[in-house]
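Everything below concerns the one structure shown next.
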Amino acid sequence: MITVTINGKGIKLEKPATVLEAARIAGIKIPTLCYHEGLELYGGCRLCMVEVEKMPKLQTACTLYVTDGMVVRTESEQITKARRGVLEFLLINHPLDCPYCDKAGECELQDLVMKYGPTTGRFEEGKRKHPESFDDPIIVRNMERCVVCTRCVRMCDGVQGASAIAVTNRGSHSFIEPFSSGEYNCEYCGNCLAVCPVGAIMSRLHRHAYRAWQVEQEVNTVCSYCGVGCSMVLQVREDTIKRVIPKIGLGVNKGLLCARGRFGYEYVGSHERLSSPLVKKNGKLEPATWDEALTTVANRLKEIKERFGGEAIAGVASPRCTNEDNYVFQKLFRAGLGSNNIDSSARLGYAGAQKYLEGILGQGATANIISGIVNSEGVFIIGGDPTHINPILGIQVRAAFRKGVRVITVGYTPGLERFRTAGLLPYPYTEGMLLSGLLEELLKIKSLPGGNKAFEAKINEFKRLSAGDIEKVCNITKEELSQAAKALSDISSVSMVIGRDIIQCTGASTNLFLLAAIAYILDARVYLLSERPNEQGLIDMGCLPDTLPGGRPLEIGSFRKRDEDVWDCQIPSKEGMTLMEIIESANTGSIKAIYVMGENPVYNLPDTNFVKNALERLGFLVVHDIFMTETAAMADVVLPSLSWAEKDGTYTNLERRIQRLRKAINRQGMEDWRILSEVGKKIGLKMPYNSAEDVMTEISMVSPLHAGLTYEDIERGLDQWPYKGEPLRQGLGVGDRGPVKIQMPGHKGRLYLSIEKPLFHSGTLSRRAQALNSIYPEPVVKINPETAKKFGLKDGDIVAVTSSKGNLILPVRTDKLIGESIVLVTNTFKGKGAMSLLSYKLDPITKIPCIDAVEVTIEKVVNI
Amino acid sequence: MNRTDELIKEIQEVKKSYPKTKAALLPVLYLAQREFGWLRPEALEFVSEALDIPKATVKGVATFYAMYKHKLMGRHLIQLCTNVSCMIFGAERLVDFLKNKYGLEVGGTTADGRFSLVIMECIGACGTAPAMLVNDDFYENLTEKYIEEILEKYK
Amino acid sequence: MERVLLKNIENPNSADIDEYMKVGGYRSLPKALDMQPRDIIDEVKKSGLKGRGGAGFPAGMKWTFASADPKFPKYLLCNADEGEPGTFKDRPILEKNPHLLIEGMAISGYALQAEYGYIYLRGEYPDAKHALKKAIKQAYEKGFLGDNILGKGVKFHLAVHQGAGAYICGEETALIESLEGGRGQPRIKPPFPVNVGVFSAPTIVNNVETLANLPYLIEIGADAYSKIGSPDCPGPKLYCVSGHVEKPGVYELPMGTTLRDIIYTHCGGIRGGKKLKAVIPGGISTPVLPPDKIDCPMDFVNMPKHGSMLGSGAVMVFDETVCLVKVCYRALKFFEHESCGKCTPCREGTGWLRSILDRIERGEGREGDIDMLLDVAGNMFGKTFCPLGDGAASVVQNFIKHFRPEFEEHIK
Ligand SMILES: Cc1cc2nc3c(=O)[nH]c(=O)nc-3n(C[C@H](O)[C@H](O)[C@H](O)COP(=O)(O)O)c2cc1C
Ligand code: SF4
Ligand code: FES
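For the record, the sequence lines run as chains A, B and C.
Residue numbers for the first sequence follow the working numbering, beginning at 36 and rising by one.
Residue numbers for the second sequence follow the working numbering, beginning at 159 and rising by one.
Residue numbers for the third sequence follow the working numbering, beginning at 37 and rising by one.
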């Protein structure tokens, strides 16, 4: 126990603290400028000076740790004069252009000068000049206003780990600069501008459009982009989002955001938004009234159900929609249309993997606290780059590495280039075999723990590859492999971060089996990267063909009964079809109608032409969306829905944290759940909801995971599994898997297509965000410089990327971190999506559409 | 072995002197400066790659120090001290002399690219002031005439 | 007094190991290696040796702190950044007597159980770099450095790290930052380098001259050593004298020799028989003194009593022809150039002071300028992150304190 006296007030402290922290605990304010929570201490601005007894000089409160019996004074004539002096110094080279500066009203320097500052300046020499830089698409840099607190640099370097900016020069010529002095070319997280106390680093998005005092409303919500679920505040005026900011200390992100979260909101206000329901008349989508559109939907669905049975109808739910939307969606299907044909794009990886792994390791096994990564002793990453897919989770990996935690990556992970102990880059499409070899090596070091005998029997009978095989097939040396195994096995707490690329390739269930085995042996915490904000929620809501709300198996009668009682209906007991089965059945004609909510299968599923043809065969296609997507354009009825900022509800992130979305903007229209309710009512279902909260009330009765959960609980932070419901982690499965087949690795010298998951885009939404487009404006094909050399290509050359399914014409961009046989294309830009070049095969167990080694050619296009 | 390979070998050698790679930054910047003439962006990028330090960080460090060259300079660098001890013995007159006789501005380069001039803070020759360094060579007790003689040696 | 630090430097080959050994070099190292590390530290403590880098911190105490820290490895850094204007005392050791330093460091390394040492050498000393590199090579060859020094199982490795032109890197935490490849800005203390220094390890930073005292100290023992010079801070001291004296240069004298003795006895008085106007006794950062104060003994204890500091022992002598406003201006220009930019008062204040002095010196000063100088300097003094800013402020304060009329004349 340390006792310190500040301004005569005694303060007892349990833990060591700085004078500043101690004062804050006691409610005593000490002015600061360079200090910022979460950043390394600096002590440069000298504003926080205080008097400490027995110390002759003034001391900086932010850097001085209290000692027992210390006596501190935070205000005195001497201190006031010193602070005034510092502020005067800060202003001598400052342009004093507050009327013109966007920071006015929320500028820390302005506030400090108001409180402590000199009223007039005495400096009469010319001020240092440094023109404002507009060289960057996002960030405006004004070094005349900079106070060199270095908060931005400490953020960029120490927290974000991007190290894109630095202080250059020294003395009064110190400036904050990116390497180029102009364009940042960085991760554009914007965390630097968030911590800038003055108007030195500002975003162009808000330039002269934002004034702190003109914000009408600040709405706490969660981000709409990925499965991390960052907390954010929407600052709104006149029903427009003016700015998105995080709040220090709040949510999983604790004051940080990524590029998509911070700058990607503009799609909400896009002029391309759908506003009126559309009904196809004479082969053309025409505006219609809501009643007309909803009646058409209800009647057609009813008709098809009556003629062909519920099994002829299928639904595609959305990991971008809320829990409430998805809950009502599956209810409409199960209770109203008598169909279990419900699936979503989560099938492409997350849902299949989640179910598989939880089957063996227990429910909740894949829902671990993101901040736990820092506290683990080792991190194993495979199947994707967390810093791009789930950036805030990625930062945790970087932080872990900096703390000395071992990080081992497999595959292309550019964001972890400087943050890993070892990076294995196996030959394309041999990652599964690498896992087999890794398992073999681990078993040499560690024995099976003995908890799940059945699973262990399966592990023992699995034919594993030797390090020698791996060396031949994967191009990973025996030493690399055994070192990786050793690094993971001699520690007690491992985090395994798993991305879609390892789940979505041939042998998905075998790969999952191996991942489960490795996780089991290492007793690792599993993190499934989640590309959409509510993949987990959608699963928990029962938007799966074989699972009821709360993750309860459909096949068990008692579970069905429980829901039937609430819904007052019959739930068909037969398991429904998975996503690609639905498409395939549409193609063969056994599915007659598909109801798509907030998804764009034509663009987001492999083999575009096949999907398109299948949908064309349908008797009826309904699409809810906020934009006229490739899929909506084919629909018989299009229903405009509300975006994430325009509605209430909840998302469940990849750690199974359930969080509130809050309506920030008024827009005419209906939430997805409301549209579904209206359709449901028209076919005779009870849909007793007036608000999203009403839906949650029903969810809390139906789903054992959410038993008794209310919006109030979420408000209070009781938001993570197992909520108030039944405990998780039971039931130990054995890990069925498909036939084990040693895949043929790709041939050396050939090229294989892989999907880039860029930090700046997510597809349909992000391409309507101006800011993100300004960073990553056009589709490109990324290849290794060596590959480029081999094909006689250079950056900017236009090439045709051709697979058996089609071709894309794209400019070349080289990146030396990409494997030499890999061709990377994103699935982002209109008409240029990588998915269009892919074919797939269904994994027999998980029903994940697996993308085979898709061979492509690249060829320079001469005249276009 | 080409020049880059040789440089990389030298860098490997430098790295051995330190338990952490980053500590090799200052010496490696000197090497890069020697090789690239001055710390042009490509030089900094080269260093960044060789030591695996982010480019912006490398630039931040390089620009902190006065002795790295951040622009193209003449073949010979005159580093003239004008700090107090040298000043009281007429260092400023020598600056004027260099300007009048050779057209050398402070921070500038002669038209023929032969000399550049930078002003130094104390170079530790106060007892024999005024003093200067030409490249790595010390010259003390300077006079205008002596400077003329000295510079003759540098073509 | 027999010269210790500058021994044999008239010999043009003094930097060569054989020449060094001919005059008794490398005899203290084996003697030290036969002692217990603890005993060496005690000996240093007892000797009263104070650091020669400027602050005069007792070397023995610093060593005790570092050796008490249980962490290993430990590092020994030699501060050869010698950047304080007026200072050129370490240069002769570095260029002409490098083995004295190497021997001193090997002894210290053993005493501190530090297995690695670096000499942080300022970039402006190319000759010293070559001399040191050659000397270190020779010392390795002769087994005075390496994994098994003189076959006694003691390991000490030494390398030169060249700075690149930043005065602030003489400050020990900035030096450490710079050695680690960073921008040479000072770090927050505590933790002190003795606990968390270079590469996060316990680190001792000592000045060249401090370390160069070691062989002699070990040779004659603490008792004899402590009898040299001032009783409170004994030992030989290098005074480097520049400016208007007949014989400027580096003088090795007993600590506590008075300024008057240094100027008039050893340096032959003021050049051309002119009148003494002012002396800066310890490098530009130390307070300037008027002629009536030169009877003070030049050591760490007595100088503060006379209103200045020993600093690095860099005596700068100004005769009556010198314009002190101009000297003051030039000093501030130096501080402005060398401010690292970390803390506000120093970053902004040095330039502001310089610009006011500039206009006064040009004859464009205004009424109130002197008070403004004092006020601005007052807003800096004691409020900066490291002593560099204090130094800048105190230069202005002391020049005005002793020579205000000269400033006033410029303005009138
Ligand atoms: C701005 C500043 C510059 C300094 N420059 C030097 C220097 O050039 N050489 C030096 O030995 N000490 C210098 N010091 C002192 C060092 O910080 C440190 O006290 C010294 O190296 C310790 O060695 P010592 O105990 O042997 O004196 C400087 C201190 C400050 C604040
Ligand atoms: S400079 Fe202090 S002094 Fe300021 S808040 Fe920052 S560090 Fe405290
Ligand atoms: S002042 Fe010029 S060398 Fe010292």
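The beta carbon of each residue, even a glycine, is placed where N, CA and C say it ideally should be.
With a threshold of 7 Å, the Cβ atom of residue 207(C) counts as near ligand 1, since some heavy atom of the ligand is closer than that.
Taking a C-beta distance under 8 Å as the contact criterion, residue 529(A) and residue 502(A) do not qualify as a contact pair. Taking residue 686(A) as reference, the option from 565(A), 866(A) and 834(A) with the minimal CA-CA separation is 565(A). Sixteen is the threshold: when 16 or more other Cβ atoms of the shown chains lie within 10 Å of the Cβ of residue 98(C), as they do, the residue is buried. Secondary structure of residue 849(A) (DSSP, three-state): strand. Using a CB distance below 7 Å, the part of the stretch 198–228 of chain B facing chain A consists of 210, 212, 213, 214, 215, 217, 218, 221 and 222, ordered along the chain. For residue 329(C), the closest of 344(C), 137(C) and 164(C) by C-alpha to C-alpha distance is 344(C). Taking the Cα of residue 177(B) as reference, the smallest distance to any Cα among 209(B), 294(B) and 293(B) is reached at 209(B). The Cβ atoms of residue 73(C) and residue 156(C) lie no closer than 8 Å to each other. Excluding residues up to 5 positions away in sequence, 77, 79, 80 and 184 lie with their Cβ nearer than 6 Å to the Cβ of residue 69(A) in the same chain. Annotation: the continuous alpha helix (DSSP H) that includes residue 383(C) extends over 380–397. With the criterion set as a beta carbon lying under 7 Å from some beta carbon of chain B, the members of the stretch 439–462 of chain A are 453, in sequence order. Annotation: the continuous alpha helix (DSSP H) that includes residue 140(C) extends over 134–148.
Residue contact check for residue 213(A) against chain B: a CB pair falls below 8 Å.
Across the stretch 70–82 of chain A, CB contacts with chain C closer than 9 Å involve 76, 77, 78, 79, 80, 81 and 82, in sequence order along the chain. Residue pairing of residue 167(C) in beta bridges, as defined by DSSP: absent, with no partner found.
Burial of residue 554(A) is indicated by the presence of at least 16 other C-beta atoms within 10 angstroms of its C-beta.
Sequence-distant partners of residue 412(A) (beyond 5 residues in either direction) whose C-beta falls short of 8 Å from its own C-beta, in its chain, are 440, 441, 526, 527, 528 and 529. Between residue 354(A) and residue 374(A), the gap from beta carbon to beta carbon reaches 8 Å or more. Chain C places no beta carbon closer than 8 Å to that of residue 402(A), leaving this residue out of the contacts. Residue 246(C) and residue 212(C) do not touch by the CB rule: their CB atoms are close to 17 Å apart, not below 8 Å. Proximity of chain A to residue 192(C) at the Cβ level (cut-off 8 Å) is not reached, the minimal Cβ distance being about 28 Å.
Burial state of residue 236(C) is exposed, judged by a 10 Å Cβ sphere holding fewer than 16 other Cβ atoms. The beta carbon of residue 618(A) sits closer than 6 Å to those of 646 and 649, all from its chain and outside the five residues before and after it, given in chain order.
Closer than 7 Å at the C-beta level to chain B, one finds these residues of the stretch 199–210 of chain A: 199, 200, 201, 202, 203, 204 and 205. When DSSP states are grouped into helix, strand and coil, residue 276(C) belongs to the strand group.
Within the DSSP secondary-structure output, residue 441(A) pairs in a beta bridge with 413(A). With a cut-off of 7 Å, the C-beta of residue 204(C) is classified as near ligand 1, since at least one heavy atom of the ligand falls inside that distance.
Annotation for residue 256(A): the continuous beta strand (DSSP E) segment containing it runs 252–257.
8 Å or more divides the Cβ of residue 275(B) from the Cβ of residue 291(B). The beta carbon of residue 198(C) sits closer than 8 Å to some beta carbon of chain B. Under DSSP, residue 45(A) forms a beta bridge with 40(A). CA-CA distance, residue 457(A) to residue 203(A), rounds to 32 Å. Comparing alpha-carbon positions, the option among 62(C), 114(C), 168(C) and 110(C) lying closest to residue 87(C) turns out to be 114(C). Residue 223(C) sits in coil when the DSSP states are folded into three classes, being neither helix nor strand. In the structure shown, residue 630(A) adopts extended strand secondary structure according to DSSP, grouped into three states.
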